[in-house]
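Enquirer: Numbered by the numbering used here, the letters in the sequence shown go through residues 15 to 305 in order.
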Amino acid sequence: MFDLQSYYKAHSVDEAVGLLTTHPNSRLLAGGTDILIKLRHGKSGFAELIDIHGLSELRYIKKDETKNILIGSGTLFTDIIESELLQNHMPMLCDAAQSVGGPQIRNVATIGGNICNGVTSADSAPGLFALNALLQIQGISGVREVPIEKFYLGPGKVDLQRGDVLTAIKVTEENYGGSFGYYSKYAMRDAMDIATIGCAVTLTTDAGRVSDYRIAYGVAGPVPIRCPQTERAVIGRQISPELLDMIAERVAGDVNPRTSWRASKDFRLNIIEELSKRATEQALQRAGGNI
Ligand SMILES: Cc1cc2nc3c(=O)[nH]c(=O)nc-3n(C[C@H](O)[C@H](O)[C@H](O)COP(=O)(O)OP(=O)(O)OC[C@H]3O[C@@H](n4cnc5c(N)ncnc54)[C@H](O)[C@@H]3O)c2cc1C
15 MFDLQSYYKA HSVDEAVGLL TTHPNSRLLA GGTDILIKLR HGKSGFAELI DIHGLSELRY
75 IKKDETKNIL IGSGTLFTDI IESELLQNHM PMLCDAAQSV GGPQIRNVAT IGGNICNGVT
135 SADSAPGLFA LNALLQIQGI SGVREVPIEK FYLGPGKVDL QRGDVLTAIK VTEENYGGSF
195 GYYSKYAMRD AMDIATIGCA VTLTTDAGRV SDYRIAYGVA GPVPIRCPQT ERAVIGRQIS
255 PELLDMIAER VAGDVNPRTS WRASKDFRLN IIEELSKRAT EQALQRAGGN I
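(1) Just checking my contact of Val-233 with Thr-218 at CB under 8 Å: how many whole Å lie between their CB atoms?
(2) Please report the Cβ distance between Gly-43 and Leu-18, rounded to the nearest whole angstrom; I am assuming they are in contact, meaning their Cβ atoms lie under 8 Å.
(3) By the 10 Å Cβ neighbour count, where 16 or more other Cβ atoms means buried, how is Ser-274 classified, buried or exposed?
(4) So, is Ser-135 buried or exposed, given that buried needs 16 or more other C-beta atoms within 10 angstroms?
(5) For a test of the three-state rule: what should DSSP assign to Cys-241, helix, strand or coil?
(6) Taking 7 Å as the cut-off, does the CB of Asn-128 come closer than this to any heavy atom belonging to ligand 1?
(7) Pull up the distance between the alpha-carbon of Ile-85 and that of Gly-303, whole angstroms please.
(8) For Glu-245, which residues of its own chain have a beta-carbon under 7 Å away from its beta-carbon, when the five flanking residues on both sides are left out?
(9) Grab the span of the beta strand (DSSP E) containing Val-185 for me, first residue to last.
(10) Report the three-state DSSP secondary structure of Ala-24 (helix, strand or coil).
(11) By a C-beta neighbour count over all protein chains shown, 10 Å radius and 16 as the cutoff for buried, is Ala-139 buried or exposed?
(12) Closest to Glu-29 by CA distance: which of Ile-66, Ile-49 and Phe-281 is it?
(13) Does the beta carbon of Asn-121 fall short of 7 Å from some heavy atom of ligand 1?
(14) Quick check on the burial criterion: 16 or more other C-beta atoms within 10 angstroms. Buried or exposed for Asp-137?
(15) Taking the alpha carbon of Gln-299 as the point to measure from, which residue in Asn-39, Val-215 and Val-179 has its own alpha carbon closest?
Next comes the structure, spelled out in structure tokens:
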């Protein structure tokens, strides 16, 4: 049974902000693939739902006049997979979307819900970390932009205040332009399983060298993380098989995985190293280079 007292349908973001503010014991429902499970478990800590599912003002993928790419928070994973704009500029996000659940989940789950639930295993998070994504949040006092790295405050905790709605995810041209990325996920089963480790790499190359390199992980710590020491060590280096080995050695110093019922810390560290190589190699291939 769902332990629910009230349900409200919001017809706009403004209305959702108002409803969240006047109903402090409420939560947003987007695709419902996380929130309804929490509600069913009976330990949700809320009793009211504000439904933003299907709001057209939250479901879009577009490039604005300054070439930022904007993804509405209500965009479905299926929309992301099918988006020509994303396939051309950020195929890494399409890789990640393709790896989420099964078709039924991808047809209803939103990228906004994936980020706002605050879990380290969210498949869209590593790619958005690597792309230095900015989150646009509308609340009682207006709209603010938060870098995704600052949005995650701890396991299941994100920087959302009462009344806040994540409206869009923005990636600036300087963060996607000329770069090539790849998302590699390892899960215990091939189908319908959350990530044991997820790894996103985005890079640019110039005359046989790596001129920019960003690598991010899910499940390598309590929240998704970037690997700053590894990134610094890679930039400027010549592309070679030895470079992949160096990356795999370095990433261990940037991550902090833990043992859980899914996998031991040592096993996760092995996967972290392996995925760093796979994601980097695939990103290099997309960049037109071979190792
Ligand atoms: C069978 C199954 C398989 C799954 N497989 C995967 C997987 O492989 N990879 C993966 O990453 N996830 C997976 N999930 C988890 C889930 O589907 C995703 O996290 C999904 O993206 C959540 O989106 P949603 O729209 O359903 O969110 P909802 O459940 O509607 O909401 C999730 C949370 O975000 C909040 N929220 C939603 N939208 C907003 C917004 N715009 N502003 C502020 N807060 C908001 C809600 O209040 C809630 O707290 C799976 C779930 C199931 C049931």
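We treat Cβ as the ideally placed atom computed from N, Cα and C, and that holds for glycine.
Expert: On the basis of the supplied data:
(1) Taking the first residue of the sequence shown as position 1, residue 233 is located at position 219. Taking the first residue of the sequence shown as position 1, residue 218 is located at position 204. The C-beta separation of Val-233 from Thr-218 comes to about 26 Å, leaving the pair out of contact by the 8 Å criterion.
(2) In the sequence shown, counting from the first residue as 1, residue 43 sits at position 29. In the sequence shown, counting from the first residue as 1, residue 18 sits at position 4. Inspection of the sequence shows that residue 43 is occupied by Leu rather than by Gly. Between Leu-43 and Leu-18, the beta carbon gap of about 10 Å keeps them out of contact (Cβ cut-off 8 Å).
(3) Counted from its first residue, the sequence shown places residue 274 at position 260. Residue environment: Ser-274 is assigned as exposed (fewer than 16 neighbouring CB atoms within 10 Å of its CB, all protein chains considered).
(4) Here residue 135 is taken as the residue at index 121 of the sequence shown, counted from 1. Around the beta carbon of Ser-135, 16 or more other beta carbons sit within 10 angstroms, so the residue counts as buried.
(5) For this step, residue 241 is matched to residue 227 along the sequence shown. Secondary structure at Cys-241: coil, using DSSP grouped into helix, strand and coil.
(6) Residue numbering aside, residue 128 sits at position 114 when the sequence shown is read from its first letter. The answer is yes for Asn-128.
(7) Translated into the one-based positions of the sequence shown, residue 85 becomes position 71. Translated into the one-based positions of the sequence shown, residue 303 becomes position 289. So the two alpha carbons sit approximately 29 Å from each other.
(8) Here residue 245 is taken as the residue at index 231 of the sequence shown, counted from 1. Cβ within range, chain order: Tyr-227, Arg-228 and Ile-229.
(9) Reading the sequence shown from its first residue, position 171 is the one you call residue 185. Segment 179-185, the beta strand (DSSP E) holding Val-185.
(10) If you number the sequence shown from 1, residue 24 lands on position 10. Three-state result, Ala-24: coil.
(11) To locate residue 139, count along the sequence shown from 1; it is residue 125. Ala-139 comes out buried.
(12) If you number the sequence shown from 1, residue 29 lands on position 15. Of Ile-66, Ile-49 and Phe-281, the residue nearest in Cα terms is Ile-66.
(13) Residue 121 sits at position 107 when you count from the first residue of the sequence shown. No - ligand 1 has no heavy atom lying nearer than 7 Å to the Cβ of Asn-121.
(14) Against the sequence shown, residue 137 aligns to sequence position 123. It is buried - the Cβ of Asp-137 has at least 16 other Cβ atoms within 10 Å.
(15) On the sequence shown, residue 299 is found 285 positions in, with the first residue counted as 1. Comparing Cα-Cα distances from Gln-299 to each of Asn-39, Val-215 and Val-179, the minimum goes to Val-215.
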